[in-house]
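A short worksheet on the structure shown next.
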């Protein structure tokens, strides 16, 4: 069992930097404990690995685009490869903590991407399958999936002979049982649109990371993905629940927070360096967002109200 970092580190496209498992065996099991008094959100990220989660205690919300999925004790959850998501405390938080276990693995652990098995039974899910699937143990097939998940977890915990072989066999069986629930041939065209929207969203986020310190507009952000302003708005609304300019301002403000604590620059210099050419506006937006002026924030060492 491995502790997984709650503070997820991502690159410019929000791809999680941490590798799960090893290059020779890309599989990892985790058990995690979130204390909502100390942590409210695990921010937006995505990974190439497929993810299965079981809630052991409490509740958690998973945000995927405009979908908000509340997961409670006993639920099992699948997140497809490349899907941008975040976790946070439920709106009504009756319990102050959540415990869950999860496994992450690259699809290639089932079969090489050059194989017939990958082409017929894995690639369609990764490219056209559902972005997520919730199993609440209300049907027999859901219970069978959870039992198989428990078997894989027990293999991980036992660490006996043939562990990797038994994990690979368990994951393959798990995939076999879920294939028809994850793949909808009639919705391939719609799923293609979803994948394209995610790719465009990542391009625009990378453009913002690269150019946030410059004077950039909605037109510039949209052009970075070769789409219209209205399409850019839809991508961000669906994928991040914000607007492109809203994401840009949030990114600038969080970069400013870092600089206020780590540099010796003045507030005016920091404002300009992160893309705010009006210092008064920067001061007002910073205070509205964090509850303190930039000077107060720096003086208190980053303690927001």
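In our numbering, the protein residues as written are 538 to 842.
Every residue, glycine too, gets a C-beta built ideally from N, C-alpha and C.
Continuous beta strand (DSSP E) stretch holding residue i: start and end
| i | result |
| --- | --- |
| residue 578 | 578-582 |
| residue 587 | 587-594 |
| residue 604 | 604-609 |
| residue 567 | 564-572 |
Of the residues the options, the one placed nearest residue i, counting alpha carbons only
| i | options | result |
| --- | --- | --- |
| residue 663 | 715, 628, 686, 675 | 715 |
| residue 813 | 758, 750, 771, 764 | 750 |
| residue 560 | 826, 671, 605, 642 | 642 |
| residue 748 | 788, 649, 686 | 788 |
| residue 572 | 669, 633, 818, 807 | 633 |
| residue 568 | 589, 555, 548, 562 | 589 |
| residue 707 | 683, 718, 717, 720 | 683 |
| residue 665 | 681, 819, 735 | 735 |
| residue 790 | 801, 827, 779, 763 | 827 |
| residue 602 | 720, 696, 732 | 732 |
| residue 587 | 757, 701, 558 | 558 |
| residue 626 | 575, 640, 620 | 575 |
| residue 686 | 618, 611, 719 | 611 |
| residue 562 | 705, 677, 668 | 705 |
| residue 668 | 605, 798, 824, 764 | 605 |
| residue 778 | 546, 639, 621 | 621 |
| residue 780 | 806, 742, 795, 802 | 742 |
| residue 798 | 820, 609, 673, 835 | 835 |
| residue 565 | 701, 809, 824, 818 | 701 |
| residue 585 | 577, 657, 619 | 619 |
| residue 556 | 640, 596, 697, 817 | 640 |
Short Cβ contact (7 angstroms threshold) for residue i with residue j
| i | j | result |
| --- | --- | --- |
| residue 598 | residue 591 | no |
| residue 636 | residue 694 | no |
| residue 811 | residue 793 | yes |
| residue 766 | residue 804 | no |
| residue 623 | residue 579 | yes |
| residue 551 | residue 615 | no |
| residue 600 | residue 553 | no |
| residue 772 | residue 737 | yes |
| residue 661 | residue 720 | yes |
| residue 712 | residue 647 | yes |
| residue 770 | residue 745 | no |
| residue 659 | residue 644 | yes |
Residue i - DSSP class collapsed to helix/strand/coil
| i | result |
| --- | --- |
| residue 643 | coil |
| residue 723 | Residue confidence is low: residue 723 scores 43 on pLDDT, short of 50, so the model does not pin down where it sits. Its coordinate-derived value is still stated next. Correct three-state label for residue 723: helix. |
| residue 671 | strand |
| residue 701 | helix |
| residue 739 | helix |
| residue 651 | coil |
| residue 552 | strand |
| residue 717 | helix |
| residue 807 | helix |
| residue 764 | coil |
| residue 598 | strand |
| residue 637 | strand |
| residue 747 | helix |
Span of the alpha helix (DSSP H), counted from its first residue to its last, around residue i
| i | result |
| --- | --- |
| residue 784 | 781-799 |
| residue 623 | It is not in any alpha helix (DSSP H) - residue 623 instead sits in the beta strand (DSSP E) that spans 622-625. |
| residue 691 | 677-695 |
| residue 614 | Unbroken run through residue 614 is the beta strand (DSSP E), 613-616; no alpha helix (DSSP H). |
| residue 662 | 660-665 |
| residue 758 | 755-761 |
| residue 822 | 816-827 |
| residue 857 | One cannot answer for residue 857 here, as it falls past the ends of the chain, which runs 538 to 842. |
The ligand HEM heavy atom lying under 6 angstroms from the CB of residue i
| i | result |
| --- | --- |
| residue 715 | Because no ligand of any kind appears in the structure shown, any question about the ligand HEM cannot be addressed here. |
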